[in-house]
Amino acid sequence: MELLKSVAVLLSFVAFASASKAALCNKYPPLIGFEIDKYLGRWWQMEKTPTVSELPGKCWSSFYYRDAANPEKVKLRMDYVTRLTNAPNTFFSQLIIDNPVNDPSNFVYSVPAMPWRKKHYRVLATDYDNFAIEYMCGVNMMGTSEETVWLLTRDRRPSLEVMQQARHTLQVLGLDKVKMYEADQSCEEKPYKRASMMDWLVPTRR
Numbered sequence: 010m011e012l013l014k015s016v017a018v019l020l021s022f023v024a025f026a027s028a029s030k031a032a033l034c035n036k037y038p039p040l041i042g043f044e045i046d047k048y049l050g051r052w053w054q055m056e057k058t059p060t061v062s063e064l065p066g067k068c069w070s071s072f073y074y075r076d077a078a079n080p081e082k083v084k085l086r087m088d089y090v091t092r093l094t095n096a097p098n099t100f101f102s103q104l105i106i107d108n109p110v111n112d113p114s115n116f117v118y119s120v121p122a123m124p125w126r127k128k129h130y131r132v133l134a135t136d137y138d139n140f141a142i143e144y145m146c147g148v149n150m151m152g153t154s155e156e157t158v159w160l161l162t163r164d165r166r167p168s169l170e171v172m173q174q175a176r177h178t179l180q181v182l183g184l185d186k187v188k189m190y191e192a193d194q195s196c197e198e199k200p201y202k203r204a205s206m207m208d209w210l211v212p213t214r215r
């Protein structure tokens with residue numbers, strides 16, 4: 010019920026944003042009642058919008074965890090399989106929650122290999138146990154908005170019921186018209202690789 014109430018609140022914002030200029034991103038309010046500790050753990054990409062940065066990989070998953078050396082900090086580990094070599098790969102990023110009290114679902118992360126470049130994204134909806142919707146939007150050099158949407162699930166092979174619930178949530182959020190495609194999760198489970206080539210070239214804080 011808490012999730013449905015949060016989603017319902019977003020409807021008025023979506024209606025307003027859709028009437029704005031194409032160069033503007035949708036403005037979503039904080040996810041009411043979001044609990045970061047319930048969100049920790051592994052999430053598998055099931056559907057997403059095309060992104061250049063993710064093209065070289067497949068079988069993407071996100072793993073949120075607290076820094077063992079500093080439990081106040083939350084980190085993100087991205088695992089994927091390289092399409093060209095079919096080898097497992099991993100990169101890390103430290104997340105910043107600018108306003109943990111009033112907007113705990115809005116994250117800031119450093120782009121791998123470019124730690125000076127920061128990007129914002131937020132969790133729009135989740136039930137913690139089955140699915141989550143993450144959203145990022147920015148204005149490009151052409152002056153038009155670029156939306157990125159991820160539909161994530163806890164299980165790598167989610168049930169039809171879970172996918173239907175997640176897609177219905179996309180519809181409620183006004184994101185059902187965004188062009189998304191099914192993520193490739195055909196890889197066999199690979200051993201965890203501790204560092205990618207990029208991690209060796211550009212050290213990151215872990």
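Residue numbers for the sequence shown follow the working numbering, so the first one is 10 and each next one is one higher. Just so it is clear, CB atoms sit at the ideal spot from N, CA and C, and this is done for glycine as well.
Worksheet item: Going by Cα to Cα distance, which pick from Glu155, Ala96 and Tyr89 is closest to Val187?
Response: For the purposes of this step, residue 187 is taken as the residue at position 178 of the sequence shown. When each option's Cα is compared against that of Val187, the closest is Glu155.
Practice prompt. List the endpoints of the continuous beta strand (DSSP E) containing Gln54.
Written response: Position 45 of the sequence shown, counted from the start, is the residue given in the question as residue 54. Gly50 to Lys57 is the extent of the beta strand (DSSP E) around Gln54.
Discussion item. Please tell me whether Met189 and Thr58 are closer than 8 Å, where the distance is taken between their beta carbons.
Written reply: Within the sequence shown, numbered from 1, the residue matching residue 189 stands at position 180. Within the sequence shown, numbered from 1, the residue matching residue 58 stands at position 49. Against a cut-off of 8 Å, the Cβ pair of Thr58 and Met189 comes out as a contact.
Worksheet item: If you check the beta carbons only, do Arg92 and Lys67 fall under 8 Å apart?
Response: As a first step, residue 92 must be located in the sequence shown, where it is residue number 83. As a first step, residue 67 must be located in the sequence shown, where it is residue number 58. Yes, the pair counts as a contact, with Cβ atoms nearer than the cut-off.
Worksheet entry | Limits of the beta strand (DSSP E) - the one that Ala134 falls within | Counting from one through the sequence shown, the residue named residue 134 turns up at place 125. Residues Met123 to Thr135.
Worksheet item: If you compare alpha carbons, which of Tyr89, Leu169, Lys84 and Thr135 is closest to Phe116?
Response: Taking the sequence shown and counting its residues from 1, the one referred to as residue 116 is at position 107. Out of Tyr89, Leu169, Lys84 and Thr135, the CA that lies nearest to the CA of Phe116 is found in Lys84.
Discussion item. So, with DSSP's three-state summary, where would you put Glu197?
Written reply: For the purposes of this step, residue 197 is taken as the residue at position 188 of the sequence shown. Looking at Glu197 - three-state DSSP - the assignment turns out to be coil, as it is neither helix nor strand.
Worksheet item: How would you call Met87, buried or exposed, if buried means at least 16 neighbouring beta carbons within 10 angstroms?
Response: Start at 1 with the first residue of the sequence shown, and residue 87 comes out as number 78. Buried is the call here.
Worksheet item: Roughly how many angstroms lie between the CA atoms of Lys30 and Lys36, to the nearest whole one?
Response: Within the sequence shown, residue 30 is the residue found at index 21, counting from 1. Within the sequence shown, residue 36 is the residue found at index 27, counting from 1. Because the pLDDT of Lys30 is 40, which lies under 50, any placement of that residue in the model is unreliable, and the question is left without a value.
Fill in: Beta-carbon proximity of Phe43 to Val132, cut-off 8 Å
Counted from its first residue, the sequence shown places residue 43 at position 34. Counted from its first residue, the sequence shown places residue 132 at position 123. Result yes, Cβ atoms of Phe43 and Val132 sit closer than 8 Å.
Discussion item. Quick check: what's the CA-CA separation for Trp159 versus Thr153?
Written reply: Here residue 159 refers to the residue found at position 150 when the sequence shown is read from its first residue. Here residue 153 refers to the residue found at position 144 when the sequence shown is read from its first residue. Roughly 20 Å separates the two Cα atoms.
Fill in: Rounded separation between Ser114 and Lys127 - CA only
If you number the sequence shown from 1, residue 114 lands on position 105. If you number the sequence shown from 1, residue 127 lands on position 118. Inter-residue distance for Ser114 and Lys127 is about 16 Å (C-alpha atoms, whole angstroms).
Worksheet item: Assuming Val171 contacts Thr162 under a Cβ cut-off of 8 Å, what Cβ separation, rounded to an integer in Å, is found between them?
Response: Counting from one through the sequence shown, the residue named residue 171 turns up at place 162. Counting from one through the sequence shown, the residue named residue 162 turns up at place 153. That pair is a contact at about 6 Å.
Practice prompt. Take Trp53 and list the residues in its own chain whose beta-carbon comes closer than 6 Å to its own, dropping the five residues that flank it on each side.
Written response: As a first step, residue 53 is located in the sequence shown; it is residue number 44 there, counting from the start. These residues qualify, in order along the chain: Ser70, Thr162 and Arg165.
Discussion item. Would Pro38 and Asn111 be called neighbours here (beta carbons separated by less than 8 Å)?
Written reply: Your numbering for residue 38 matches position 29 in the sequence shown. Your numbering for residue 111 matches position 102 in the sequence shown. No, they are not a contact pair.
Item to complete: For Leu184, I'd like the list of residues in its chain whose CB is within less than 6 Å of its CB, leaving aside the five on either flank, ordered along the chain.
Response: Your numbering for residue 184 matches position 175 in the sequence shown. Val158.
Worksheet entry | Any beta strand (DSSP E) of 3 or more consecutive residues that is wholly inside the stretch 87-112 | 97-105
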